[in-house]
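Taking my numbering, the leading residue of the sequence shown gets 472, the next gets one more, and so forth.
Inspection log for the structure reproduced underneath, given as structure tokens.
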Amino acid sequence: MEEKLTSSESVAPRLALPGLDGPVRVLFLCTGNSCRSQMAEALLRRDGLSTVQVVSAGTHPSVVNPDAVRVMAEIGVDISGYQSKGLGPFLGDFFDYVITLCGDANETCPVFPGQALRLHWPLTDPAKAQGTEQERLQVFRNVRDEIEQRVEDLLSEVLDGFLQELHQRWLARRA
Numbered sequence: 472m473e474e475k476l477t478s479s480e481s482v483a484p485r486l487a488l489p490g491l492d493g494p495v496r497v498l499f500l501c502t503g504n505s506c507r508s509q510m511a512e513a514l515l516r517r518d519g520l521s522t523v524q525v526v527s528a529g530t531h532p533s534v535v536n537p538d539a540v541r542v543m544a545e546i547g548v549d550i551s552g553y554q555s556k557g558l559g560p561f562l563g564d565f566f567d568y569v570i571t572l573c574g575d576a577n578e579t580c581p582v583f584p585g586q587a588l589r590l591h592w593p594l595t596d597p598a599k600a601q602g603t604e605q606e607r608l609q610v611f612r613n614v615r616d617e618i619e620q621r622v623e624d625l626l627s628e629v630l631d632g633f634l635q636e637l638h639q640r641w642l643a644r645r646a
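Quick look at the structure:
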């Protein structure tokens with residue numbers, strides 16, 4: 472069951488310090504919430520541990536693609552219980568990052584409360600892959616691997632922000 476993200480009193484972007492300010496809130500958004508956003512949610516959930524609270528949604532949700540489930544299982548990540556979700560339940564929530572994964576979602580992405588950092592990761596839609604089963608699965612693997620790298624980069628950026636904020640707090644206490 473997905474956790475409902477709750478509103479924050481702050482309207483300024485914030486960087487959470489685990490154990491001090493709570494987790495960084497991330498929304499991955501694409502059209503169908505069937506492949507890319509599901510994989511991104513699962514990878515950030517796996518790698519971000521308790522430092523992030525992540526959800527995904529689609530502007531026109533469908534069903535989770537079985538090939539996405541399959542290629543994620545290849546790396547030990549089980550998304551077989553995931554369900555495609557619409558954007559509606561998250562419209563009033565505050566996010567630190569809203570990340571669109573396709574052009575359609577990027578163009579139709581609504582404004583969220585606060586000052587979420589909006590990022591766009593233009594990824595190939597693996598659901599449109601053609602060819603043999605192995606060729607199609609390879610497209611899914613390539614997209615999965617690209618998402619995994621981008622998630623690592625995002626976590627590195629978040630960690631850099633944590634360290635900068637922690638340093639500023641330390642300096643302020645010394646002043």
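Glycine included, C-beta positions come from ideal geometry on N, C-alpha and C.
Remember, predicted model here, so these are calculated numbers, not experimental data.
Just reading off the alpha helix (DSSP H) that residue i is part of, what are its end residues?
{"i": "Gly632", "result": "Glu604 to Arg645"}
Residues in the same chain with beta-carbon distance under 7 Å from residue i, minus the five sequence neighbours each way, listed in chain order, please.
{"i": "Thr502", "result": "Gly529, Thr530, His531, Cys573, Asp575 and Ala576"}
{"i": "Arg615", "result": "Met510, Val542 and Met543"}
{"i": "Arg496", "result": "Leu476, Gln524, Phe565, Phe566 and Asp567"}
{"i": "Val535", "result": "Ser505, Gln509, Ile550, Tyr553, Gln554 and Ser555"}
{"i": "Gly519", "result": "Val525 and Leu626"}
{"i": "Glu663", "result": "The structure shown does not extend to residue 663, since the chain is modelled only from 472 through 646, so no value can be given for it."}
{"i": "Val622", "result": "Ala511, Leu514, Leu515 and Asp518"}
Return the chain-ordered list of same chain residues with a C-beta closer than 8 Å to the C-beta of residue i, the five sequence neighbours on each side being excluded.
{"i": "Leu608", "result": "Asp538, Arg541 and Val542"}
{"i": "Leu588", "result": "Pro484, Asp567, Tyr568 and Val569"}
{"i": "Ser533", "result": "Gly503, Asn504, Ser505 and Ser555"}
Restricting to Cα atoms, I'd like to know which of the options is closest to residue i.
{"i": "Asp567", "options": "Arg507, Gln524 and Pro597", "result": "Gln524"}
{"i": "Gln554", "options": "Ser505, Val569 and Asp518", "result": "Ser505"}
{"i": "Thr595", "options": "Leu588, Arg612, Arg496 and Arg589", "result": "Arg612"}
{"i": "Leu655", "options": "Ile570, Val622, Thr603 and Ala643", "result": "Residue 655 cannot be examined here, being either before or after the span of the chain that is shown, 472 to 646."}
{"i": "Leu500", "options": "Val622, Glu545, Leu558 and Ile618", "result": "Leu558"}
{"i": "Asp549", "options": "Glu628, Ser627 and Arg517", "result": "Arg517"}
How far does the beta strand (DSSP E) with residue i in it reach, from first residue to last?
{"i": "Cys506", "result": "That residue, Cys506, is in no beta strand (DSSP E); it is neither H nor E in DSSP."}
Ranges of the beta strand (DSSP E) found wholly within the stretch 510-595, counting only runs of at least 3: 523-529, 568-571 and 588-591
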